[in-house]
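Peer 1: When you line the sequence shown up against the working numbering, it's residues 36 to 553, in that order. C-beta atoms are modelled at their ideal positions from N, C-alpha and C, and glycine is treated no differently.
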Amino acid sequence: MKTLPKNGVKQVLIVGGGTAGWLTACFLAKQLGVGAEGAVQVTLVESKEIGIIGVGEGTFPSIRGTLATIGIDEARFIRECNGTFKQGIRFNDWVREPGAPGADHYFHPFSLPSQRPGGPELLPYWLQGAAGKEVGFAAAATMQKRVADASHAPKRASDADFMGPLNYAYHFDAGKFAALLSTHAQSLGVKHVQATVERVALDEDGAIGAVHTKEAGVLTADLYIDCTGFRAALIGEALGTSFHNINDVLFVDRALAMQVPYDRPDAPIASYTIASAHEAGWTWDIGLHERRGIGYVYSSRHTDDARAEQVLRNYIGKQADGLNPRQLKLNVGYREQHWVKNCVAVGLSGGFLEPLESSGIGLIETAAYLVSYLFPHDGDFAPVAKTFNEMMKARYERIVDFVKLHYCLTQRKDNQFWIDNADMASVPQSLQDKLAMWRQRAPHRMDFVVDYEMYPPSSWQYVLYGMEYQTGLYANAKTLPRMEEARHEFAMIQQMSQRALADLPSHRAMVEHLARRG
Ligand code: FAD
């Protein structure tokens, strides 16, 4: 058995300076008091030549807690990262093909369904028609859809940082975010080395012994954090940790991305990501302060690159003229183990599930939080690694189910991509089991182990019923005795939405207010 480092873990080396590397550096610096005498020293080495992936512009509301924890205020974040507010995701054409009769979109808002203390839980009553036949669950149970549809912000100028009447996350420029995190981490005492790692040496126990760089010689540490993106230079290339490919469940494996200008400087900014389904995948459309980020993620088994580019150009229209997309190949899946011996993978080196629900940065937040809070000061990595690996694997598995939920309930038959997605052979058993339960009752928080989930039960409810899943309630009018009360609640939510529209500023006005704030 390996002897523990004599003085415990004193040196951490983070390899890679994208969102994963710098966010982990910030968490560690804050949690471990880096920079103080005798504290753990954190160094981040990144390659200038290789650069970062530069996509990943949508987040989940957990990002607000992350920014507050690491000490970046909201105005600075909005100003320096071209940031805007994200109140959810609008899914166009996921249920049925364009032009087919029925709703052409649904919404996954971040605000929870309204629940007055002592009031009825609204979902079963919505299923029984208490909000009216045509009103989707998100529109009936929260104010957020109306607010976001009207391009209003989720908060007012008078609201405190990271607070507001509606739940929200952000959209931002990935390159600018990494730059902000880098400046911030260095101000907290993290050392920065610019060098390309050419070789990773193992020690006699098969753990990481050293990294050999082109420009800065040999670097050693007690704990290594692999944030080298899809390359996975330490956890994959050096340690050979196996990768669980899930392309048979989640089919998209290519992306084309473009940065598109607004057609006029005062154009309204969408306050949600627009995810539009197409013949072999879907486009994301993200409104930043000064531009839009638009991309098409697609399955290379169901289309070819030339056709995919045409689909993207058709979606964007003439704004795409003269612009060239960047193409990315995606490794879809995750490591069986994220923490092996003295090496932890954070970010794309640990895994990647397609960007539909912005799980990438959410998983980085979880991993960075866990590494810093479980930090193995005495160098005994095994127990911490066990907890970390269990937690990350469970999260990945549940996110796979959640993302697949968006696809497998489609009624689209216009393309093999959608037909294959609805084939139950491609649906994990764990998701099939959930769907079986929800055939006769709505999803309940007891169906979920909170610490293993990235998405709250309401997210599952919004997507499930957005996709028009049919839950034949065991209950009927007799077992739902608060029907009148529920009808009244739904009516109140509509009235409150009207007031919220008057009260909340336009999204662009709120972003510009924060961007101007010193
Ligand atoms: P990278 O950004 O690739 O950084 C890798 C770092 O390692 C770089 O600094 C590089 O220079 C360095 N490096 C690599 N090799 C070496 C070496 N040999 N020596 C030294 N340094 C090295 N996530 C979301 O949450 N929301 C989204 O909307 C979203 N959209 C996405 C869309 C697409 C198409 C893709 C592919 C991903 C998306 N993601 C999204 C995921 C998100 O982009 C990533 O999780 C995030 O950017 C973190 O990347 P990273 O830091 O792990 O890797």
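#1: Give me the DSSP bridge partner(s) of Thr78.
#2: Is DSSP giving Gln372 helix, strand or coil here?
#3: Please name the residue, chosen from Asn377, Leu536, Glu488, Glu400, that lies closest to Ala417 on a Cα-to-Cα basis.
#4: Would you tell me roughly how many angstroms separate the C-alpha atoms of Gly137 and Leu515, rounded to the nearest one?
#5: Which residues mark the beginning and the end of the alpha helix (DSSP H) in which Asp436 is found?
#6: According to the Cβ coordinates, are Asn366 and Phe265 closer than 7 angstroms?
#7: Secondary structure at Gly386, three-state DSSP: helix, strand or coil?
#8: How many angstroms separate the CA atom of His324 from the CA atom of Asp238?
#9: Please list, in chain order, all residues of the same chain as Leu358 whose beta carbon is under 6 angstroms from its beta carbon, the five residues on each side excluded.
#10: For a test of the three-state rule: what should DSSP assign to Cys378, helix, strand or coil?
#11: Output the boundary residues of the alpha helix (DSSP H) element that contains Lys65.
#12: Return the chain-ordered ranges of every beta strand (DSSP E) run that is complete within the region 253-341 and spans a minimum of 3 residues.
#13: State yes or no: is the C-beta of Val381 within less than 7 angstroms of the C-beta of Ala355?
#14: Considering only the alpha carbon of each residue, which of Val438, Thr54, Thr119 lies closest to Ala129?
#15: Would you identify the three-state DSSP class for Phe112, choosing helix, strand or coil?
#16: Check whether the region 109-117 touches the region 308-316, counting contact only when three or more Cβ pairs, one atom from each stretch, lie closer than 8 angstroms.
#17: What's the C-alpha gap between Tyr442 and Ala457?
#18: In whole angstroms, give me the CA-to-CA distance for Lys45 and Val379.
#19: On the criterion of 16 or more Cβ atoms from any shown chain inside 10 Å, does Met36 qualify as buried, or is it exposed?
#20: Could you have a look at Thr119 and say whether DSSP puts it in helix, strand or coil?
#21: Between Ile454 and the rest of its own chain, which residues show a CB-CB distance below 7 angstroms, the 5 nearest in sequence each way excluded?
#22: Indicate, with yes or no, if ligand 1 has a heavy atom lying under 6 angstroms from the CB of Ile281.
#23: Report whether the distance from the Cβ of Ile87 to the nearest heavy atom of ligand 1 is below 6 angstroms.
#24: Straight-line CA distance for Lys428 to Pro360?
#25: Using the C-alpha atoms, what's the distance from Gly43 back to His412?
#26: Strictly by DSSP, which residues pair up with Gln362?
#27: At a cut of 8 angstroms, does the region 86-95 reach the region 267-282 through at least three beta carbon pairs?
#28: When DSSP labels each residue in this structure, what does Arg15 get in the three-state scheme?
#29: By Cβ distance below 6 angstroms, which residues in the same chain neighbour Ala236 in space, the five residues on each side in sequence not counted?
#30: Output the distance between the C-alpha atoms of Pro155 and Ala176, rounded to the nearest integer angstrom.
#31: Please confirm whether any heavy atom of ligand 1 lies closer than 6 angstroms to the CB of Ser393.
#32: Helix, strand or coil for Tyr504? Go by DSSP, reduced to three states.
#33: Near Cys116, which residues of its chain fall below 7 angstroms by C-beta distance, leaving aside the five closest residues on each side in sequence?
#34: From the DSSP output, read off the bridge partner residues of Thr248.
#35: If we count Cβ pairs, one from each stretch, closer than 8 angstroms, do we get three or more for the region 178-187 versus the region 525-544?
#36: Would Tyr331 and Ala341 be called neighbours here (beta carbons separated by less than 7 angstroms)?
Peer 2: Taking the geometry as given:
#1: Note: Thr78 sits in a beta bridge opposite Leu48, Lys226.
#2: Looking at Gln372 - three-state DSSP - the assignment turns out to be coil, as it is neither helix nor strand.
#3: Closest option to Ala417, judged by alpha-carbon separation, among Asn377, Leu536, Glu488, Glu400: Asn377.
#4: Spanning the two alpha carbons is a distance of roughly 28 angstroms.
#5: Its alpha helix (DSSP H) spans residues 416-443.
#6: Taking 7 angstroms as the Cβ cut-off, Asn366 and Phe265 qualify as a contacting pair.
#7: Gly386: strand per DSSP, three-state reduction.
#8: Roughly 48 angstroms separates the two Cα atoms.
#9: Excluding positions up to five away in sequence, the list reads Met293.
#10: Cys378: strand per DSSP, three-state reduction.
#11: Looking at the DSSP string, the run of the alpha helix (DSSP H) that includes Lys65 is 54-67.
#12: Within the region 253-341, the complete beta strand (DSSP E) segments of 3 residues or longer fall at 258-261, 278-280, 289-295, 308-313, 316-322, 327-333, listed in chain order.
#13: Not in contact: Val381 and Ala355 (Cβ atoms no closer than 7 angstroms).
#14: Sequence check: residue 129 is Trp here, not Ala. Of Val438, Thr54, Thr119, the residue nearest in Cα terms is Val438.
#15: If DSSP states are grouped into helix, strand and coil, Phe112 belongs with the helices.
#16: At 8 angstroms Cβ cutoff, the stretches do not touch.
#17: Tyr442 and Ala457: Cα-Cα distance of roughly 7 angstroms.
#18: Each residue's alpha carbon lies about 16 angstroms from the other.
#19: Model confidence at Met36 stands at a pLDDT of 48, short of 50, so the residue's coordinates are unreliable and nothing is read from them.
#20: Correct three-state label for Thr119: strand.
#21: Lys448.
#22: Outside the cutoff, so no.
#23: Yes, Cβ of Ile87 sits closer than 6 angstroms to a heavy atom of ligand 1.
#24: The straight-line gap from Cα to Cα measures roughly 33 angstroms.
#25: Going from the Cα of His412 to the Cα of Gly43 covers about 6 angstroms.
#26: For Gln362, which the question treats as bridged, DSSP gives the partners Leu291.
#27: They do not touch, by the three-pair rule.
#28: Because the chain spans 36 through 553 in this model, residue 15 falls outside it and cannot be assessed.
#29: Here the set comprises Gly244, Ala245.
#30: Linking Pro155 to Ala176 through their CA atoms gives a straight-line distance of about 12 angstroms.
#31: A heavy atom of ligand 1 is found nearer than 6 angstroms to the CB of Ser393.
#32: In the structure shown, Tyr504 sits in coil (DSSP, three-state: anything other than H, G, I, E or B).
#33: If we look at Cys116 and ignore the five residues flanking it on each side, its Cβ neighbours are Phe207, Asp208, Lys211, Phe212, Leu215.
#34: The partner list for Thr248 (beta bridge, DSSP) reads Val232.
#35: Flag = yes, the region 178-187 and the region 525-544 touch.
#36: No, these two residues do not count as a Cβ contact at 7 angstroms.
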